[in-house]
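Asks:
In this note's numbering, the protein residues as written are 837 to 988.
And the structure:
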């Protein structure tokens, strides 16, 4: 899109994860500097009996096109039993023979390699800072119940 979010308004719900002090779900309305709007949904509770423990999706819709990625819909491994089916994580953080694998491991290895070899990160420090500023604004909005500006 080529621009940054400037304001957010977030609402949350706590029913299942109350004892953990975590939100079950958070909905965030984002306003961008060019006037575009977006919606970010995070949900940490999946109903019992669902085949996946992770249902990750992203969809970007604009006036010139659309991009949709659905990680959870294409998981190639499914294990079924008398009570339920499940699709084990083989993408993000699977453990094979006691060792962590997947995208999380690759991210950590990339970080360590960049630090040790003075290599440039795939994500710029500016983009990383923007992500942290956005998360901070979402937490501020959750705390106040009002829209919050995304700090520069």
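For every residue, glycine included, the Cβ atom is placed at its ideal position computed from N, Cα and C. Computed from a predicted structure; not experimentally measured.
(1) Less than 8 Å between the beta carbons of residue 877 and residue 861, yes or no?
(2) Within its chain, find whatever has a CB closer than 8 Å to the CB of residue 937; leave out the 5 residues flanking it on each side and keep chain order.
(3) Does the stretch 838-857 come close enough to the stretch 964-979 that 3 or more CB-CB pairs lie under 8 Å?
(4) Per DSSP, which one or two residues make a beta bridge with residue 952?
(5) Using a 10 Å radius around the Cβ and a threshold of 16 neighbouring Cβ atoms, would you call residue 958 buried or exposed?
(6) Considering only DSSP beta bridges, list what residue 858 is partnered with.
(7) What residue range does the beta strand (DSSP E) around residue 899 cover?
Replies: A quick look at the data gives this:
(1) Taking the chain shown and counting its residues from 1, one reaches residue 877 at position 41. Taking the chain shown and counting its residues from 1, one reaches residue 861 at position 25. Contact check for residue 877 against residue 861 passes: the beta carbons are separated by less than 8 Å.
(2) Along the chain shown, read from residue 1 onward, the residue named residue 937 stands at position 101. Once the five neighbours on either side are set aside, the close Cβ partners of residue 937 are 929, 930 and 931.
(3) Segments in contact, yes.
(4) Walking along the chain shown from the start, residue 952 turns up at place 116. DSSP lists no partner for residue 952.
(5) On the chain shown, position 122 is the one that residue 958 refers to. It is exposed - the Cβ of residue 958 has fewer than 16 other Cβ atoms within 10 Å.
(6) Taking the first residue of the chain shown as position 1, residue 858 is located at position 22. Answer is none; residue 858 lacks a bridge partner.
(7) Within the chain shown, numbered from 1, the residue matching residue 899 stands at position 63. Element bounds for residue 899: n/a, residue is neither H nor E.
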